[in-house]
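S.K.:
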Amino acid sequence: MAFMKLQVVKGAYALVDVGGSSWPVPEHVCGKITDDMIGDACEMEESDVEAWQGCVSHLAQYIPEHGEIFSVTREQGYCWRLSAPGYLDCTEWSACDTIADLYKEALESLDGPEDPGYAGEVRALLEYARDEGMPLTDTQARYLEHEDTYPAFAWTGGYTIIYVDKDGDVLCSKCAVQTMADGGEISHDTHDEGDPEECAQCGHVMKSSYGPVDDAGDDA
Ligand SMILES: [Zn+2]
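The opening position of the sequence shown corresponds to residue 485 in my numbering, with each subsequent residue numbered one higher.
(1) Under 7 Å from any heavy atom of ligand 1, does the C-beta of Cys-683 make it?
(2) Can you tell which of Ala-636, Ala-608, Thr-663 and Pro-600 has its C-alpha closest to the C-alpha of Thr-623?
(3) Closer than 8 Å by C-beta to Ala-704: which residues in its own chain qualify, once you throw out the five before and the five after it? Chain order, please.
(4) With Tyr-602 as the anchor, note down where its beta strand (DSSP E) starts and where it stops.
(5) Can you give the Cα-Cα distance for Asp-595 and Ile-553, rounded to whole angstroms?
(6) Report the three-state DSSP secondary structure of Gln-545 (helix, strand or coil).
(7) In angstroms, rounded to a whole number, what distance separates the CA positions of Asp-649 and Pro-548?
(8) Could you name the residues of the same chain whose beta carbon sits closer than 6 Å to that of Asp-501, not counting the 5 residues immediately before and after it, in chain order?
(9) With a threshold of 16 other CB atoms inside 10 Å of the CB of Met-485, please say whether the residue is buried or exposed.
(10) Quick one: complete alpha helix (DSSP H) runs, 4+ long, within the stretch 504-590?
(11) CB-CB under 6 Å to Asp-659, same chain, minus the five flanking residues each way: which ones, in chain order?
(12) Which same chain residues end up closer than 8 Å to Glu-589 when comparing Cβ atoms and leaving out the 5 residues on each side of it in sequence?
(13) Check Ala-636 in the structure and name its three-state DSSP category.
(14) Comparing the CB of Lys-658 with every heavy atom of ligand 1, is any distance shorter than 7 Å?
(15) Consult DSSP for Tyr-497 and reduce its assignment to one of helix, strand or coil.
(16) For Glu-681, which of helix, strand or coil comes out of DSSP?
(17) Three-state secondary structure (DSSP) at Asp-653?
(18) Measuring straight from C-alpha to C-alpha, what distance separates Tyr-647 and Ala-636?
(19) Relative to the C-alpha of Tyr-627, which candidate in Gly-617, Ile-645, Gly-667 and Gly-652 has its C-alpha closest?
(20) Who are the near neighbours of Gly-504 in its chain, counting only those whose CB is closer than 7 Å to its CB and skipping five residues on each side?
(21) List the residues that DSSP assigns as beta-bridge partners of Lys-489.
(22) Looking only at its own chain, which residues have a Cβ that is under 6 Å from the Cβ of Pro-464, when we skip the five neighbours before and after it?
(23) Hey, out of Asp-519, Ser-506, Glu-527 and Ile-522, whose CA is closest to Gly-551's CA?
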């Protein structure tokens with residue numbers, strides 16, 4: 485699922501029940517959800533069921549189960565999915581009531597720091613959540629304020645930057661982004677000299693800017 489982009493649609497969606505499972509379809513995708521589409525086959529006169537099913541049959545193309553549609557309701561909230569740009573490859577739509585739920589669920593669905601697109605997707609998700617009114621932690625706000633937050637190297641001079649979480653574990657820039665995205669506190673430091681540091685989460689090795697210190701040098 486590498487290089488998957490998060491797509492979010494806010495507003496009305498149809499919740500389509502096919503008997504046991506329900507699938508959200510954003511109005512943005514299926515077109516206007518009219519009053520005559522809303523209904524429950526079990527609560528209709530038998531003579532009305534066929535006409536209603538004709539009215540909602542086009543929704544079947546947007547859901548993974550192409551069985552008989554049992555009921556359709558109109559809901560409000562956030563629908564999201566992951567899609568690979570330029571391909572037809574995408575996940576099914578999921579729906580959430582609140583921006584906090586959307587942030588949590590969407591963040592968990594992203595691939596993590598090993599995906600080269602991860603930092604950009606986290607930034608886009610955080611910006612969206614902030615604009616929708618989700619309170620951010622200090623670290624998250626700082627991340628959004630500074631475009632170049634959590635780089636691997638200082639942009640002047642190329643000094644190695646390492647990150648430290650609240651337990652004192654050393655992290656690489658990518659894992660620091662993940663920790664920050666989860667709401668954790670992160671501090672940073674440059675790694676000027678000495679042996680390489682290893683990321684506590686992914687094992688990525690970060691060499692110091694000036695390399696190992698030669699202890700034998702003092703005795704010569
Ligand atoms: Zn790492």
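Glycine included, each C-beta is placed from N, C-alpha and C at the ideal position. Please read these numbers as outputs of a predicted model, since none were measured by experiment.
M.R.: In short:
(1) Reading the sequence shown from its first residue, position 199 is the one you call residue 683. Checking the Cβ of Cys-683 against ligand 1 gives yes.
(2) Here the question's residue 623 lines up with position 139 in the sequence shown. If we check each option's Cα against that of Thr-623, Thr-663 comes out closest.
(3) For the purposes of this step, residue 704 is taken as the residue at position 220 of the sequence shown. Residue placement at Ala-704 is flagged as unreliable, the pLDDT there being 41, under the threshold of 50; a coordinate-derived value is accordingly withheld.
(4) To locate residue 602, count along the sequence shown from 1; it is residue 118. Unbroken run through Tyr-602 is the alpha helix (DSSP H), 602-615; no beta strand (DSSP E).
(5) In the sequence shown, counting from the first residue as 1, residue 595 sits at position 111. In the sequence shown, counting from the first residue as 1, residue 553 sits at position 69. Straight-line Cα distance between these residues: approximately 33 Å.
(6) Position 61 of the sequence shown, counting from 1, holds the residue named residue 545. In the three-state reduction of the DSSP assignment, Gln-545 falls in the helix class.
(7) By 1-based counting over the sequence shown, the position of residue 649 is 165. By 1-based counting over the sequence shown, the position of residue 548 is 64. Computed Cα separation, rounded: 41 Å.
(8) Position 17 of the sequence shown holds residue 501. Taking Asp-501 as the centre and dropping the five residues before and after it, the same chain places the C-beta of Phe-554 and Ser-555 closer than 6 Å to its C-beta, in chain order.
(9) Your numbering for residue 485 matches position 1 in the sequence shown. For Met-485, the pLDDT reaches just 47, beneath the cut-off of 50, and the residue's location in the model is therefore unreliable, although a value from the coordinates is still provided. By the 10 Å Cβ count, Met-485 comes out exposed.
(10) Complete alpha helix (DSSP H) runs here, min 4: 511-514 and 530-540.
(11) On the sequence shown, position 175 is the one that residue 659 refers to. Asp is not the amino acid found at residue 659; the sequence shown has Cys there. For Cys-659, same chain residues with a beta-carbon under 6 Å away, outside a window of 5 residues either side, are Pro-597, Cys-683, Gln-685 and Cys-686 in chain order.
(12) In the sequence shown, the residue the question calls residue 589 occupies position 105. For Glu-589, the CB contacts under 8 Å within the same chain, skipping 5 residues up- and downstream, are Trp-564, Ser-578 and Cys-580 in chain order.
(13) Sequence index remark: in the sequence shown, residue 636 carries index 152 (1-based). DSSP places Ala-636 in coil when its eight states are reduced to three.
(14) By one-based count along the sequence shown, residue 658 stands at place 174. Placement of the Cβ of Lys-658 at a distance of less than 7 Å from at least one heavy atom of ligand 1 is found.
(15) Taking the first residue of the sequence shown as 1, we reach residue 497 at position 13. Tyr-497: strand per DSSP, three-state reduction.
(16) As a working mapping, residue 681 is identified with position 197 in the sequence shown. Correct three-state label for Glu-681: strand.
(17) What you label residue 653 is simply residue 169 of the sequence shown in a count that begins at 1. Coil, per DSSP.
(18) Reading the sequence shown from its first residue, position 163 is the one you call residue 647. Reading the sequence shown from its first residue, position 152 is the one you call residue 636. Their Cα atoms are separated by approximately 9 Å.
(19) For the purposes of this step, residue 627 is taken as the residue at position 143 of the sequence shown. Taking only the C-alpha atoms, the option nearest Tyr-627 is Gly-667.
(20) Translated into the one-based positions of the sequence shown, residue 504 becomes position 20. Sequence-distant Cβ neighbours of Gly-504 in its own chain, meaning closer than 7 Å and more than five residues away, do not exist here.
(21) Residue mapping note: residue 489 aligns to position 5 of the sequence shown, counting from 1. DSSP lists Ser-567 as partners of Lys-489.
(22) No answer is possible for residue 464: the residues shown for the chain start at 485 and end at 704.
(23) For this step, residue 551 is matched to residue 67 along the sequence shown. The shortest CA-to-CA distance from Gly-551 to any of Asp-519, Ser-506, Glu-527 and Ile-522 is the one to Ser-506.
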